[in-house]
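Participant: Residue numbers (our numbering), protein chains in the order written: chain A, 1 to 362; chain B, 1001 to 1164. Please read through the structure below; I'll follow up with questions.
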Amino acid sequence: MRSPDTDVERIEGLLRGVPPETEREAQIEGLIRELRTSVPAAPRELRERVRGLRPVEKRRQFGWKPVLVVVPVAVALVGAALLGGRGSTDQGDEGGGVALDSRVGESQDAATPEAAQSTDALSAIAPSSRAQEWDVRLELSVRDNARLSEASAEAISTTRALGGFVVSSNVATQGAGGEAQLVVRIPQRRIQDALAQLSALGTITGQEVSVQDRQAELDQLAGRIDTLRVRIAELNVRLRTEQLDEADRLRLELQRRQLQRTLNEATRRRAGVAEQVALADVSLTIRTRPAAASSSGRLDDAVDDAVGVLGVAGAVAVFLLIVLAPLLVLTALGLAARRAWRRRDDERLLDRPRPTPPVSSR
Amino acid sequence: MNRPTFSAVAEDCLDEVYRYLLMLTADASLADDLTGATFEKALRLWPRYDPRRAAPVTWLCSIARTTALDHFRAESRRRRREERFAAEQPQAELPTLSGLSPELEAAVAELTAAEREVVALRVVLELDSEAAARVLGISRTAGSMRLARALNKLEERMAADALA
């Protein structure tokens, strides 16, 4: 009578070389030995074929992993663009006037992109043939007090070279810091040259350009002056040619005197407006850049920008998560189901002696 | 750990992979083809091979198993399409596992492919139970039980032949 099946532990023992204890185990040990020694090695042709394998140069294919880098970077760029757009130059336009006010970050060199952008913004408002009153405020920073003095002197000489004059000048230094305040008046037709040259004296930290159209006021004054002159001339003719009694003559002369005063007043006002539009007021403040405060300010700005960008990126990430989460869950379930089905298919294939019986002999 | 070269691994493991596929398919010609395909695939995947996670022979046998299963699946689909035509063909002669005694070869041929596979890994290639389980994608216990069942079947068949 045959012994029962050899159990798992005994089989494992036989594989490790433990001596057989029964006849059946001895048979199995013999099978193991024959299988280990008799299953042939790879044919020589196959070995040569495998030796001849060479890696095929193929274009590098990027899988889905780069998406993990590209998407956050794209989100960050979009966020930065949104924040950058929000912080751009503000422009206002009220009535006939134009006002431009902006503050830009400090930098080491006047020829920085920020400075160039500000100068471009100033240049965008060109003087026209209409009577306009210009009021410009410009704030610059320079690296030290020596440069502060040079810049102040250059501003004064530039003003004079352009046909303007200095209304007031005040340069004060204390320790490493200093400030120069200049108020100059420059012919309106040269204002663009003046802004370009004054802006180049340092790094622009603030600017305000206010342009008020005064043409309508001038036209109105001119019309009123003409009317007054005509009326005064009419009174002169009446007083010279007509036979008037004393009372009427006195009344007309008083009327003429009143009109003459009004005419003088209108003429003075027109002259005042003409002077205001002929010369632009430029208020120039130049400061020495405090090194520590400057770097601290830049750091704060950088931190603010970074937090802002991260906030936008986080919002976009949450939005994407909400939208994509159901799809991800469905995809994961699909992959798991596909894997289970494939596993069952594998077991079914291997559960027969020949998974693919040959159609014809090889 | 020093990373071996692909050519050195191929040279060392070629026989093991071929023997595994020969036992799995019970078809020398098919084992030859699948071994070549396995090493071609392994060459493409070689940059991703991590020696700390598996021995080269374990990694190669996993690739060989996937290659063989893909082949079986494709062949099954093809055969279903050609079933009618195949039914009219004369029964093909089964290929042989050259090297084994005729009795053992017949007994091996009666095992299922899954049983031959575990015999190939544990007996012929002498992989330990953990490595074999990794290749088969099953637990160590399930692998040991499958092996015991296969060897007992082989022994019974051989005993029956001896009595006959």
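Beta carbons are placed, not taken as given, at the ideal position from N, Cα and C, and that holds for glycine. Computed from a predicted model, the values in this text were never measured in an experiment.
Name the one or two DSSP bridge partners that residue 1006 (chain B) has.
Facilitator: Answer is none; residue 1006 (chain B) lacks a bridge partner.
Participant: In the DSSP assignment, the alpha helix (DSSP H) including residue 260 (chain A) goes from what residue to what residue?
Facilitator: 246-278
Participant: Counting only runs that start and end within the segment 116-198 of chain A, where is the alpha helix (DSSP H) found for 4 or more residues in a row?
Facilitator: 145-161
Participant: Taking all protein chains shown into account, do 16 or more other C-beta atoms lie within 10 angstroms of the C-beta of residue 1144 (chain B), making it buried, or fewer, making it exposed?
Facilitator: buried
Participant: From the beta carbon of residue 68 (chain A), is the nearest beta carbon of chain B less than 8 Å away?
Facilitator: no
Participant: Going by DSSP in three states, residue 1138 (chain B) sits in which element: helix, strand or coil?
Facilitator: coil
Participant: If the cut is a Cβ gap below 7 Å, which residues of chain B does residue 55 (chain A) touch?
Facilitator: 1043
Participant: In terms of alpha-carbon separation, which member of B:1073, B:1025, B:1067 and B:1135 lies closest to residue 1042 (chain B)?
Facilitator: B:1067
Participant: Considering Cα atoms alone, identify which of A:191, A:145, A:353 and A:326 is closest to residue 163 (chain A).
Facilitator: A:191
Participant: Per DSSP, residue 204 (chain A) forms a beta bridge with which residues?
Facilitator: A:140
Participant: Comparing the C-beta of residue 1123 (chain B) with each C-beta of chain A, is any distance below 8 Å?
Facilitator: Judged by the 8 Å Cβ criterion, residue 1123 (chain B) is in contact with chain A.
Participant: Candidates A:148, A:47 and A:34: which alpha carbon is nearest residue 289 (chain A)'s?
Facilitator: Just measuring C-alpha positions, the residue of A:148, A:47 and A:34 sitting nearest residue 289 (chain A) is A:148.
Participant: For a test of the three-state rule: what should DSSP assign to residue 1129 (chain B), helix, strand or coil?
Facilitator: For residue 1129 (chain B), the secondary structure class from DSSP, reduced to helix, strand or coil, is helix.
Participant: Does the beta-carbon distance from residue 231 (chain A) to residue 254 (chain A) come in below 8 Å?
Facilitator: In this structure, residue 231 (chain A) lies away from residue 254 (chain A), with their beta-carbon atoms at least 8 Å apart.
Participant: Taking residue 1147 (chain B) as the reference, which of B:1137, B:1123 and B:1015 has the closest Cα?
Facilitator: B:1123
Participant: Is residue 21 (chain A) close to chain B? Criterion is C-beta to C-beta, closer than 8 Å.
Facilitator: Not an interface residue.
Participant: Excluding the 5 residues flanking residue 269 (chain A) on each side, which residues of the same chain have their C-beta closer than 8 Å to its C-beta?
Facilitator: 221
Participant: Quick one: is residue 40 (chain A) near chain B, going by C-beta distance under 8 Å?
Facilitator: yes
Participant: Are the CB atoms of residue 185 (chain A) and residue 280 (chain A) within a distance shorter than 8 Å?
Facilitator: The answer is yes: Cβ separation under 8 Å.
Participant: If we cut at 8 Å on Cβ distances, does residue 1132 (chain B) have a partner in chain A?
Facilitator: no
Participant: Can at least three beta-carbon pairs, one atom from the segment 1125-1145 of chain B and one from the segment 1074-1084 of chain B, be found at a separation below 8 Å?
Facilitator: no
Participant: Given a cut-off of 8 Å on the beta-carbon distance, is the pair residue 350 (chain A) and residue 1114 (chain B) in contact?
Facilitator: yes
Participant: Using a Cβ cut-off of 8 Å (strictly closer), state whether residue 1049 (chain B) contacts chain A.
Facilitator: no
Participant: Should residue 16 (chain A) go down as buried or exposed, given a rule of 16 or more other Cβ atoms within 10 Å for buried?
Facilitator: exposed
Participant: Tell me where the alpha helix (DSSP H) around residue 1033 (chain B) begins and ends.
Facilitator: 1028-1045
Participant: In the structure shown, what three-state DSSP assignment does residue 223 (chain A) receive?
Facilitator: Under the three-state reduction of DSSP, residue 223 (chain A) is assigned to helix.
Participant: In chain A, what lies closer than 7 Å to residue 1015 (chain B) by C-beta?
Facilitator: 41 and 42
Participant: Return the CA-CA distance between residue 271 (chain A) and residue 175 (chain A), expressed in angstroms with no decimal places.
Facilitator: 46 Å
Participant: First and last residue of the alpha helix (DSSP H) that includes residue 27 (chain A)?
Facilitator: 23-38
Participant: Since residue 1035 (chain B) meets chain A, which of its residues come closer than 7 Å, beta carbon to beta carbon?
Facilitator: 42 and 46
Participant: Can you find a C-beta in chain B that's less than 8 Å from the C-beta of residue 18 (chain A)?
Facilitator: no
Participant: Cα separation between residue 1021 (chain B) and residue 1011 (chain B)?
Facilitator: 16 Å
Participant: With a threshold of 16 other CB atoms inside 10 Å of the CB of residue 322 (chain A), please say whether the residue is buried or exposed.
Facilitator: exposed
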